[in-house]
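Note sheet for the following structure.
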Amino acid sequence: MKIIGIIAEYNPFHLGHLYKIKKIKELYPESLIIAIISTNFTQRGDISILNKWNKTKICLENNVDIILELPTIYATQSSDIFASAALKILNEFKIDTLVFGSETNDTSILYNLANTQINNKEYDVLVQNYLSKGINYPTAMSKALKELTNINIDKPNDLLGLSYIKEIIKNNYNVEPISIKRTNNYHQEKIILNNNKEKLNDNKTINTNNIISANLIRKLHQDNFDITPYIPNNTYQYLYKNISINTAYNLLKYKIITDKSNLNKYLTVDEGIENRIIKYINISNTWEELVMNIKTKRYTYNKINRMLIHILLGITKEDNNKDIYLRILGFNNQGRNYLNKIKKEINLPIYTSYKENISNIFDIEYKSTYIYSLITNDTSLISQEYKNKPIIK
3 MKIIGIIAEY NPFHLGHLYK IKKIKELYPE SLIIAIISTN FTQRGDISIL
53 NKWNKTKICL ENNVDIILEL PTIYATQSSD IFASAALKIL NEFKIDTLVF
103 GSETNDTSIL YNLANTQINN KEYDVLVQNY LSKGINYPTA MSKALKELTN
153 INIDKPNDLL GLSYIKEIIK NNYNVEPISI KRTNNYHQEK IILNNNKEKL
203 NDNKTINTNN IISANLIRKL HQDNFDITPY IPNNTYQYLY KNISINTAYN
253 LLKYKIITDK SNLNKYLTVD EGIENRIIKY INISNTWEEL VMNIKTKRYT
303 YNKINRMLIH ILLGITKEDN NKDIYLRILG FNNQGRNYLN KIKKEINLPI
353 YTSYKENISN IFDIEYKSTY IYSLITNDTS LISQEYKNKP IIK
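Counting with the numbering used here, you get residues 3 to 395 for the letters of the sequence shown.
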């Protein structure tokens, strides 16, 4: 039986995610699927419009067998750190296959690029040369790889896939990466009609015309458009309405103004950018406006958003690189049987509920949930954080 890992944000869970799960079951009918999910805030520096407990319910209702938590401190960092933490946790649960979406859909290309990053000494020199010209790291990385391999890589899921494969190689994980072709672009800004349908192994069809990016779904939802054609039936009821990163702006503004002399202590606040944050905080009316005001070509929008998330949540540089905990959010019967089978082989402690003062990043997760509850106006999440046990289906 294949033990398959998925790394996901599910912000929100949509038909593309359902398509991937169905394709896995089509390719590997006897497989067990383990998903590790971001919780309240995401790798692209956004707020989730689904809370982690409802993500877990949706996963279980769509044939995911075990759902794990990716701690916020790692879920809100660059793709390499995001991938490193997620794969370290999944490796503890003995996955043998990692399935991810990709624009190129060619793992051999990603392996070539990953080996270049790890083994070619010229790569780091070229990246530093490009960075010295004031461009951001993803662009410097892409340019260096293009110069060394003549391969251009700049799409978001290709870059994540590259980070996954690099971690597999560096840590000698016994994990096979499998790519599934993405049917849309993360930066997609409009719905493209093509009326394509694909029949899957359960004799049902998914209209791939209705697979659009999570980014576009969030924008449509925020603007009060009907998004039900683009998400599974069991998703819509759980979505927070009128929630975007701008909803958190007043909390962020208060945090910055009351701690402006110490902003550089926060994770990813580097190279003096705290001066630009302080300069523009009082003349920016929204989170997005603040990002636009402090943006330079050296920083991507995602990097700035992640930086502001770390300030909002009070995550400092000292908090980084703490021990990773393993937290199970849910499982079904097949998942329970598998967990019972492997639990003695797992080296890191497993938690099924919040434990105070066990780990600093565990406490960060609680603080993240508390702030998230203020943003979503869902105070029930505070008690759920320390009372909830894994959801069992």
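No residue lacks a Cβ here, since even glycine has one placed at the ideal position from N, Cα and C.
Note that the coordinates shown come from a computational prediction; the quantities given were computed from them, not determined experimentally.
Excluding the 5 residues preceding and the 5 following residue i in the sequence, name in chain order all residues of the same chain whose CB lies nearer than 7 Å to its CB.
i	result
isoleucine 279	Ile258, Leu265 and Ile296
isoleucine 83	Tyr76
aspartate 325	Ser361
tyrosine 232	His16, Leu17, Asn212, Ile214 and Ile219
leucine 383	Asn53, Thr371, Tyr374 and Ser375
proline 351	Tyr327 and Leu328
glutamine 386	Trp55
glycine 316	Lys369
tyrosine 238	Thr230
threonine 58	Ile69, Leu331, Gly332 and Ile393
threonine 354	Ile330, Lys391 and Pro392
asparagine 64	Leu20, Ile23 and Pro234
lysine 299	Gly136, Ile137 and Asn138
alanine 216	Asn13, Pro14 and His16
State the beta-bridge partners of residue i as determined by DSSP.
i	result
leucine 70	Ile38 and Ile330
valine 101	Ile180
threonine 318	Tyr268
glycine 7	Ile36 and Leu100
isoleucine 393	Gly332
isoleucine 352	Leu328
Ignore the nearest five residues each way along the sequence and tell me which others in residue i's own chain have a CB closer than 8 Å to its CB.
i	result
asparagine 205	Reliability fails at asparagine 205, whose pLDDT of 48 lies under 50, so the model's placement of it is uncertain and the value that follows must be treated cautiously. Within the same chain, asparagine 205 has no close Cβ partners at all.
lysine 319	Lys267, Tyr268 and Leu269
glutamate 291	none
isoleucine 247	Gly47, Asp48, Ile49, Trp289, Glu290 and Asn307
I need the straight-line Cα distance from residue i to residue j, nearest angstrom please.
i	j	result
proline 392	leucine 115	39 Å
phenylalanine 15	aspartate 228	15 Å
asparagine 236	tyrosine 268	38 Å
methionine 3	leucine 34	7 Å
leucine 133	valine 293	21 Å
tyrosine 113	lysine 168	8 Å
tyrosine 356	tyrosine 388	5 Å
lysine 281	serine 80	25 Å
aspartate 272	leucine 241	34 Å
threonine 44	glutamate 11	7 Å
threonine 141	asparagine 335	45 Å
valine 129	tyrosine 139	8 Å
threonine 260	aspartate 48	23 Å
serine 86	threonine 106	22 Å
serine 165	lysine 262	34 Å
glycine 7	asparagine 117	22 Å
asparagine 154	histidine 223	33 Å
glutamate 347	asparagine 93	11 Å
lysine 170	valine 101	The sequence shown places isoleucine at residue 170, not lysine. Taking the straight line joining both Cα atoms gives about 13 Å.
lysine 135	lysine 345	50 Å
lysine 395	isoleucine 60	11 Å
isoleucine 28	isoleucine 275	Reading off the sequence shown, one finds glutamate at residue 28, where the question assumed isoleucine. When rounded, the distance between both Cα atoms is 48 Å.
isoleucine 5	isoleucine 36	7 Å
tyrosine 303	tyrosine 30	38 Å
isoleucine 285	glutamate 358	39 Å
leucine 314	aspartate 108	38 Å
Does any C-beta atom of chain B lie closer than 9 Å to the C-beta of residue i?
i	result
isoleucine 344	Here chain B cannot be found, since the structure has a single protein chain.
Would you mind reading off the limits of the alpha helix (DSSP H) that contains residue i?
i	result
glycine 337	335-344
isoleucine 280	275-282
lysine 25	17-29
serine 81	81-94
aspartate 160	158-173
asparagine 362	362-378
asparagine 295	289-296
alanine 116	109-121
arginine 46	Taken as a continuous stretch (DSSP letters only), arginine 46 belongs to no alpha helix (DSSP H), as it is neither H nor E.
tyrosine 242	Counting along the chain, tyrosine 242 falls outside any alpha helix (DSSP H), and DSSP gives it neither H nor E.
arginine 220	216-224
isoleucine 60	54-63
tyrosine 139	139-151
leucine 253	251-260
Given the structure, does residue i come close to the ligand MN, in the sense that its CB is under 8 Å from one of the ligand's heavy atoms?
i	result
serine 246	In the structure shown, the ligand MN is absent, as is every other ligand, since no ligand is present at all.
Taking 6 Å as the limit between beta carbons, can you name the residues of its chain near residue i, skipping five residues before and five after?
i	result
isoleucine 363	Pro73, Ile75 and Lys324
histidine 312	Tyr268, Leu269 and Thr270
isoleucine 306	Val293
isoleucine 9	Ile38 and Ala88
asparagine 196	With a pLDDT of 44 at asparagine 196, under the threshold of 50, the modelled position of that residue is not reliable, and the figure given next carries that caveat. Excluding residues within five positions, the ones whose Cβ falls inside 6 Å are Asn211.
serine 104	Asn159, Asp160, Gly163 and Ser181
Practice problem: Taking 8 Å as the threshold, find out whether the region 51-69 comes into contact with the region 249-258 through three or more Cβ pairs. | Solution: no
Quiz prompt | Sufficient close CB pairs (3 or more, under 8 Å) joining the region 63-80 to the region 337-351 | solution = yes
Quiz item: Contact between the region 377-384 and the region 85-103: three or more CB pairs below 8 Å?
Solution: no
Quiz prompt | Contact the region 144-154 vs the region 170-177: 3+ CB pairs below 8 Å | solution = no
Quiz item: When the Cβ atoms of the region 108-124 are set against those of the region 148-161, are three or more pairs found closer than 8 Å?
Solution: yes
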